[in-house]
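Residue numbers (the working numbering): 439 to 499.
Every residue gets a Cβ at the ideal spot worked out from N, C-alpha and C, and that includes glycine.
Below is one structure; the comments refer to it alone.
Take a look at the structure:
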């Protein structure tokens, strides 16, 4: 067993880079989505920031 301390694998963590949180494109607040009727709204300004299906197609059978 080794007494060495393991270093982080990612370079940005090793260099101490701050974690970047996604932000609402409308109000700039840290992104916190509230799901209403299938679409995501910003919890701060209530702007629809995530459309309900975003063009996705349902595959059946």
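Task: First and last residue of the uninterrupted beta strand (DSSP E) at residue 488 - done: 486-488
TODO: Taking residue 486 as the reference, give the member of 457, 463, 497 and 458 with the closest Cα.
DONE: 463
Open item on the list: To the nearest angstrom, how far is the alpha carbon of residue 488 from that of residue 472?
Closed with: 10 angstroms
Task: Burial state of residue 467 (16 or more Cβ within 10 Å) - done: Exposed, since its Cβ has fewer than 16 Cβ neighbours within 10 Å.
Task: CB contact flag (residue 490, residue 480, <8 angstroms) - done: Contact flag unset, no.
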